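K.L.:
Heads up: the sequence lines are chains A and B, in that order. Everything in the first sequence is counted per my numbering, starting at 22 for the first residue and increasing by one. Everything in the second sequence is counted per my numbering, starting at 3 for the first residue and increasing by one.
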Amino acid sequence: MFKRRHLIGIEDLKREEIDHILDTADSMLEVSTRNVKKVPALRGKTVVNLFFENSTRTRISFELAAKRLSADLLNFSGSSSSLSKGETFRDTVQNIEAMHPDIFVIRHAASGSAQYLSSFTKYSVVNAGDGAHEHPTQALLDALTIRQKKGSLDGLKVTIVGDVLHSRVARSNIFLLRNYNTRITLSGPVPLVPEEFKELGVEVEYDLDKALEGSDIVMMLRIQRERLSGIFFPSLREYRKYYQMTPERMKRADKNALLLHPGPINRGVELMKEVADGEQSVILDQVTNGVAVRMAVLYLISGGTNELDH
Amino acid sequence: MSLIIKKGRVVDPAQKLNEETDLLIDGGKVVKIGKNLSVPGAETVDAKGLLVFPGLIDMHVHLREPGFEYKETIASGGRAAAAGGFTSIAAMPNTLPMNDNEGITSFIVDKAAAESPVRVFPISAVSREQEGKELVEMGSIVEAGAVAFSEDGFPIRSPLILRRALEFQKTLGKIIIEHAEDLVLSGEGVAHASAFTYKLGLKGIPFSSETAAIARDIEILREFGGKIHFAHLSSRFSVELVERAKRDGLQVTAEVTPHHLLLNEDLLSTYSPLYKTKPPLREEKDRLSLVDALAKGIIDVIATDHAPHSQDEKELEFDFAPFGVIGLETAAGLIYDRLVSTKLISLERFVEVLSLNPAKILGLSGKGTLAVGSDGDVTLFDPEKSVVVDCERFQSLARNTPFQGWKAKGWPVMTFVAGRRVF
């Protein structure tokens with residue numbers, strides 16, 4: 022069912038594999054609610070969090086996932102442009118490899134880094150976000166959250182809003198959702214949502230109100246204000262005016278629509294407080310599910326079957 | 003010491019020659035062409051079954067010396083050129099210190115004379131430190147041996163500097179080679195901007211990064227006159243601009259690299275920095291347009307843009323690895339196999355774009371032809387020799403070829419400079 026040694030991206034996964042990861046994650050959710058939140062599935066294995074880009078949330082989510090599976094965990098943070106300190110990315114990895122880990126969880130600012138790592142390491146690689154390319158566990162935890170609330174991924178209208186151009190979350194979600202019978206619409210300022218994305222099998226609608234019409238799922242993306250304002254949109258004021266999710270706008274979507282955000286949120290930029298903390302928001306469910314999905318991924322790529330209590 | 007190259011097929015478009023004949027070189031010059039030549043005491047090379055070309059010329063090479071000798075030196079780059087069938091190469095100025103003065107130009111000329119098996123012609127920067135603020139001392143640099151001016155690696159930043167350089171061309175005659183790129187539009191781009199590279203999450207360099215720069219230059223040239231050679235065209239839209247400028251009677255020429263003729267952006271799915279170049283590899287449509295433009299005479303030259311980097315540098319992540327690939331030791335063979343054998347370009351055209359035209363554009367007298375009186379620079383090419391590209395056997399210090407493992411039938415086998423065998 023799941024025979025891969027690496028999880029580099031969603032793009033090459035089949036629907037059955039995605040379903041299997043989500044089913045496994047469901048079992049892992051149960052582990053996290055036990056009195057003793059630990060199973061011995063990865064006892065004796067070493068997971069290395071290789072974080073070349075800051076990310077507290079993803080790192081601690083993987084950390085907790087590894088620990089609940091009884092793995093040993095090593096956190097490594099390095100800087101991205103590697104040769105500056107005389108050592109390359111490859112050198113760094115080979116140093117850690119010499120200590121015999123089992124699984125690398127890699128976060129890196131450069132697209133393609135996870136694939137590059139998998140090309141020379143003999144250990145398993147889990148991509149925790151590479152540049153603007155993929156963030157597969159984020160898409161999986163989003164899918165798990167949607168499935169819990171909606172029963173199925175099929176038949177849903179999904180709207181993804183914001184900085185699609187720089188978003189690995191958007192790409193992984195598109196790759197995942199297009200395996201199901203979904204209709205995906207992207208919305209945001211034109212420079213951040215190039216029409217070329219239509220070639221991925223999605224629709225593009227720059228009028229957010231229209232894009233939201235009848236949506237079952239609203240995924241908001243983080244706006245990196247310092248980097249984008251002035252070039253990708255004229256000002257934050259304009260961004261808020263046309264693309265901030267307000268309670269009013271949220272009403273355009275289906276009344277049972279879910280609101281997702283990969284975090285960390287920029288309160289008052291892409292989301293108003295009333296929406297972020299509102300009834301339709303499942304942002305904290307996403308965080309909970311993140312640990313379960315990451316447990317499932319670590320477990321499956323180390324060759325696990327679906328029995329956790331032996 | 004005289005040399006007779008016997009019974010090869012001499013292909014020399016300048017003389018409209020394509021026939022099996024002998025070639026006599028004496029005192030470093032071609033002295034006679036004809037059948038059954040014999041001179042007592044002359045060294046003889048049997049070229050039966052081989053093609054005999056006027057020495058190939060690569061007008062766009064980075065030799066990295068002075069300053070980056072760990073990437074390439076004048077000696078190692080010269081040996082790589084000889085192994086690839088090139089008898090003359092032109093060296094871009096982005097060294098450290100930069101070649102923006104007669105001292106560095108003389109250093110390159112002297113060092114090449116002492117250490118390089120092939121002729122090396124320095125290209126000077128257009129402006130001091132390539133900053134686009136003040137012209138280099140163009141006259142003195144030409145006297146020291148520079149054959150062209152270019153800010154390569156970067157465009158000529160200031161349109162005013164371009165205008166002035168074109169005006170000085172009237173007295174100096176040397177070509178300006180433009181790396182046409184709008185740096186603002188390129189931004190932090192590392193790959194062609196397309197649906198495909200958006201999917202890969204790579205930052206894009208749009209077509210207009212190149213076309214806007216070419217269009218600017220053409221309009222400046224249209225008003226003030228002069229000659230511009232556009233380096234490494236990458237897109238079909240650039241081809242259209244050059245074609246239109248030529249139709250308008252402007253003195254514009256252009257080159258294309260082997261990698262833009264043979265590769266496209268699809269390879270970036272590997273994220274291998276071996277495919278990271280500037281300008282970027284673009285779409286298959288662009289590649290086909292470049293091949294077509296080369297065949298039709300819109301593009302005048304194949305130049306490698308040989309850009310050596312150390313293996314450590316090219317093993318970095320895609321975003322951080324330097325731009326550029328090497329080409330001296332693979333260009334002739336791969337172009338012959340992929341474009342000549344497949345009849346996309348004729349054999350005569352092959353010699354024009356790899357020898358005659360670069361000699362004309364750079365004004366290298368006595369080169370680009372084997373007519374009596376010209377230099378005894380000769381490339382012998384075996385159209386039957388099968389080769390698998392193996393960078394471990396390169397003469398270059400660098401290994402950053404995107405063609406490792408490629409097979410080709412047809413490869414350069416001997417190289418003569420001024421009648422002396424250098425490979």
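Where a beta carbon is used, it is the ideal one built from N, C-alpha and C, also for glycine. From a predicted model like this one, the values you see are computed outputs, not experimental measurements.
(1) Shortest alpha-carbon distance to G375 (chain B) belongs to which of B:K9, B:R289 and B:K31?
(2) Please report the distance separating the alpha-carbon of P310 (chain B) from that of L319 (chain A).
(3) Buried or exposed, going by whether 16 or more other CB atoms sit within 10 Å of the CB of S256 (chain A)?
(4) Please state if the CB of I304 (chain B) and the CB of K248 (chain B) are separated by a distance shorter than 8 Å.
(5) Near E259 (chain A), what residues of its chain come up, given a Cβ to Cβ distance below 7 Å and the 5 sequence neighbours on each side ignored?
(6) Going by CA-CA distance only, name the one from B:K176, B:V342 and B:E386 that's closest to K229 (chain B).
(7) Can you list, in chain order, the residues of its chain with a C-beta nearer than 7 Å to that of T381 (chain B)? Leave out the 5 residues immediately preceding and following it.
(8) Given a cut-off of 8 Å on the beta-carbon distance, is the pair G69 (chain B) and L98 (chain B) in contact?
(9) Taking the straight line between their C-alpha atoms, what separation do you get for F97 (chain A) and L305 (chain A)?
(10) In the region 145-168 of chain A, which residues sit with their C-beta less than 8 Å from some C-beta in chain B, listed in chain order?
(11) If you draw a straight line from the C-alpha of I207 (chain B) to the C-alpha of P281 (chain B), how long is it?
(12) Going along the chain, which residues of its own chain have a beta-carbon closer than 6 Å to the beta-carbon of A114 (chain B), five neighbours each way excluded?
(13) Establish whether the CB of S132 (chain A) and some CB of chain B are separated by less than 8 Å.
(14) Which residue or residues does DSSP assign as beta-bridge partners of L207 (chain A)?
(15) Around the C-beta of A167 (chain B), are 16 or more other C-beta atoms found within 10 angstroms, so that it is buried, or is it exposed?
(16) Please confirm if Q136 (chain A) has its CB atom under 8 Å from at least one CB of chain B.
(17) With 8 Å as the threshold, decide whether the Cβ of H331 (chain A) is near any Cβ in chain B.
(18) Per DSSP, what are the beta-bridge partners of F472 (chain B) in this structure?
(19) By DSSP, does T23 (chain B) sit in helix, in strand, or in coil?
(20) Where are the beta strand (DSSP E) runs, 3 residues long or more, that stay fully inside the region 261-309 of chain A, in chain order?
(21) Determine which residues of the region 70-94 of chain A have a Cβ less than 8 Å from any Cβ of chain D, and write them out in chain order.
(22) Compute the beta-carbon to beta-carbon distance between L186 (chain A) and V214 (chain A), rounded to the nearest angstrom, for a pair I have assumed lies under 8 Å.
(23) With a 10 Å radius around its C-beta and 16 neighbouring C-beta atoms as the bar for buried, classify I143 (chain B) as buried or exposed.
(24) Under 9 Å Cβ-Cβ, which residues of chain B neighbour L257 (chain A)?
(25) Taking only beta-carbon atoms, is F110 (chain A) less than 8 Å away from chain B?
(26) Classify A320 (chain B) as helix, strand or coil using the three-state DSSP reduction.
(27) Considering S145 (chain A), what are the terminal residues of the beta strand (DSSP E) in which it resides?
(28) May I have the straight-line CA-CA distance separating R130 (chain B) from L162 (chain B), to the nearest angstrom?
(29) Any C-beta of chain A sitting closer than 8 Å to the C-beta of K362 (chain B)?
(30) Any residues in the region 306-334 of chain B with a beta carbon nearer than 8 Å to a beta carbon of chain A? Which ones, in chain order?
(31) Along the region 202-229 of chain A, what residues have a CB closer than 7 Å to any CB found in chain B?
(32) Who are the neighbours of R199 (chain A) on chain B, taking C-beta pairs under 9 Å?
(33) Smallest Cα separation from A217 (chain B): which of B:F239, B:S196 and B:G378?
(34) Can you tell me whether H64 (chain B) is helix, strand or coil according to DSSP?
(35) Using the Cβ count rule (16 or more neighbours within 10 Å means buried), how would you classify E153 (chain B)?
(36) Taking one C-beta from the region 174-186 of chain A and one from the region 60-76 of chain A each time, how about it: are there three or more such pairs within less than 8 Å?
P.N.:
Taking the geometry as given:
(1) By one-based count along the second sequence, residue 375 (chain B) stands at place 373. It is B:K31.
(2) Position 308 of the second sequence, counting from 1, holds the residue named residue 310 (chain B). Position 298 of the first sequence, counting from 1, holds the residue named residue 319 (chain A). When rounded, the separation of the alpha-carbon atoms in P310 (chain B) and L319 (chain A) is 41 Å.
(3) Residue 256 (chain A) sits at position 235 when you count from the first residue of the first sequence. It counts as exposed.
(4) Here residue 248 (chain B) is taken as the residue at index 246 of the second sequence, counted from 1. Here residue 304 (chain B) is taken as the residue at index 302 of the second sequence, counted from 1. No. Outside cutoff.
(5) Reading the first sequence from its first residue, position 238 is the one you call residue 259 (chain A). Excluding residues within five positions, none has a Cβ falling inside 7 Å.
(6) On the second sequence, residue 229 (chain B) is found 227 positions in, with the first residue counted as 1. It is B:K176 whose Cα lies nearest to the Cα of K229 (chain B).
(7) Translated into the one-based positions of the second sequence, residue 381 (chain B) becomes position 379. So the qualifying residues of the chain are F55, G57, L58, G87, T89, P414 and T417.
(8) Numbered from 1 along the second sequence, position 67 holds the residue referred to as residue 69 (chain B). Numbered from 1 along the second sequence, position 96 holds the residue referred to as residue 98 (chain B). The answer is yes: Cβ separation under 8 Å.
(9) Taking the first sequence and counting its residues from 1, one reaches residue 97 (chain A) at position 76. Taking the first sequence and counting its residues from 1, one reaches residue 305 (chain A) at position 284. Rounded to the nearest angstrom, the two C-alpha atoms are 26 Å apart.
(10) D151, G152, A153, H154 and E155
(11) Indexing the second sequence from 1 puts residue 207 (chain B) at position 205. Indexing the second sequence from 1 puts residue 281 (chain B) at position 279. Their Cα atoms are separated by approximately 8 Å.
(12) Against the second sequence, residue 114 (chain B) aligns to sequence position 112. Within the same chain, A114 (chain B) has close Cβ partners I76 and V122.
(13) Position 111 of the first sequence, counting from 1, holds the residue named residue 132 (chain A). Judged by the 8 Å Cβ criterion, S132 (chain A) is in contact with chain B.
(14) Against the first sequence, residue 207 (chain A) aligns to sequence position 186. Looking at the DSSP assignment, L207 (chain A) forms a beta bridge with A:I181 and A:V225.
(15) Translated into the one-based positions of the second sequence, residue 167 (chain B) becomes position 165. It counts as buried.
(16) Mapped onto the first sequence, residue 136 (chain A) falls at position 115. By this cut-off, Q136 (chain A) is an interface position.
(17) Start at 1 with the first residue of the first sequence, and residue 331 (chain A) comes out as number 310. Residue placement at H331 (chain A) is poorly supported in this model, since its pLDDT is 43, which falls under 50; the coordinates are not used for a value here.
(18) This structure does not reach residue 472 (chain B), given that chain B is present from 3 up to 425, and the question cannot be answered.
(19) If you number the second sequence from 1, residue 23 (chain B) lands on position 21. In the three-state reduction of the DSSP assignment, T23 (chain B) falls in the strand class.
(20) 279-281
(21) The chain inventory of the structure shown lacks chain D, comprising the protein chains A and B.
(22) If you number the first sequence from 1, residue 186 (chain A) lands on position 165. If you number the first sequence from 1, residue 214 (chain A) lands on position 193. Confirmed, Cβ separation roughly 7 Å.
(23) Here the question's residue 143 (chain B) lines up with position 141 in the second sequence. By the Cβ neighbour-count rule, I143 (chain B) is buried, with 16 or more other Cβ atoms within 10 Å of its own.
(24) Counting from one through the first sequence, the residue named residue 257 (chain A) turns up at place 236. By Cβ distance, chain B contributes nothing, its closest Cβ being about 21 Å from L257 (chain A), past 9 Å.
(25) Sequence index remark: in the first sequence, residue 110 (chain A) carries index 89 (1-based). Yes, F110 (chain A) counts as interfacial toward chain B.
(26) As a working mapping, residue 320 (chain B) is identified with position 318 in the second sequence. Residue identity differs from the one stated: residue 320 (chain B) is Phe in this sequence, not Ala. When secondary structure is reduced to three states using DSSP, F320 (chain B) falls in the coil class, being assigned neither helix nor strand.
(27) Within the first sequence, residue 145 (chain A) is the residue found at index 124, counting from 1. According to the DSSP assignment, S145 (chain A) belongs to the beta strand (DSSP E) that extends over S145 to D151.
(28) Position 128 of the second sequence, counted from the first residue, corresponds to residue 130 (chain B). Position 160 of the second sequence, counted from the first residue, corresponds to residue 162 (chain B). Cα to Cα, the separation comes out at about 14 Å.
(29) Mapped onto the second sequence, residue 362 (chain B) falls at position 360. Answer no: the Cβ-Cβ gap between K362 (chain B) and chain A never drops below 8 Å.
(30) D314, E315, E317, L318, E319, F320, D321 and F322
(31) P215, E217, F218, E220 and L221
(32) Here residue 199 (chain A) refers to the residue found at position 178 when the first sequence is read from its first residue. Per Cβ cutoff of 9 Å: no residues; R199 (chain A) is ~12 Å from chain B at best.
(33) As a first step, residue 217 (chain B) must be located in the second sequence, where it is residue number 215. That would be B:F239, whose Cα lies nearest to the Cα of A217 (chain B).
(34) On the second sequence, residue 64 (chain B) is found 62 positions in, with the first residue counted as 1. Reduced to three states, the DSSP call for H64 (chain B) is coil.
(35) Numbered from 1 along the second sequence, position 151 holds the residue referred to as residue 153 (chain B). E153 (chain B) counts as buried, since at least 16 other C-beta atoms from the protein chains shown sit within 10 angstroms of its C-beta.
(36) Three or more beta-carbon pairs separated by less than 8 Å are not found between the region 174-186 of chain A and the region 60-76 of chain A, which leaves the two stretches without contact.
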